[in-house]
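Residues in the sequence shown are numbered consecutively from 1, following UniProt numbering. We put the beta carbon where it would ideally sit given N, CA and C, even for glycine. For clarity, every value in this text was computed on a predicted model and none was experimentally measured.
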Amino acid sequence: PLMLPASLLVQPASWHAISASSWAALGYVSLFSMLIGFIFWYKGLAAGGIAAVGQLQLLQPFFGLGLSAALLHETVSPLM
Numbered sequence: 001p002l003m004l005p006a007s008l009l010v011q012p013a014s015w016h017a018i019s020a021s022s023w024a025a026l027g028y029v030s031l032f033s034m035l036i037g038f039i040f041w042y043k044g045l046a047a048g049g050i051a052a053v054g055q056l057q058l059l060q061p062f063f064g065l066g067l068s069a070a071l072l073h074e075t076v077s078p079l080m
């Protein structure tokens, strides 16, 4: 949000050149990744307590590596 005015001044976008699928992808990421994710996260924090549930955030990189290996068949090396 802070960079939007600066980006519009430096390089004005042609809104007509953006495809409908790009707008749909932006809407999907905005809605599901951010809005709904934050709603569930804060409801979980309220239900379980910040001290207990907040520690799960420290495990997020490991969950990300594990899920990328399981779902996307990415190779996970010990150096990661």
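**Request:** Leaving aside the five residues before and after Met80 along the sequence, list all residues of the same chain whose C-beta is less than 7 Å from its C-beta, in chain order.
**Result:** Spatial neighbours of Met80 in its own chain (CB-CB distance under 7 Å, excluding positions within 5 residues in sequence) are listed in chain order as Leu65.
**Message:** Could you tell me which whole alpha helix (DSSP H) segments of length 4 or greater appear in the region 21-60?
**Reply:** Counting whole runs of 4 or more residues, the region 21-60 contains the alpha helix (DSSP H) stretches 37-48, 50-53.
**Request:** For the alpha helix (DSSP H) holding Pro5, just list the boundary residues, first then last.
**Result:** Segment 4-10, the alpha helix (DSSP H) holding Pro5.
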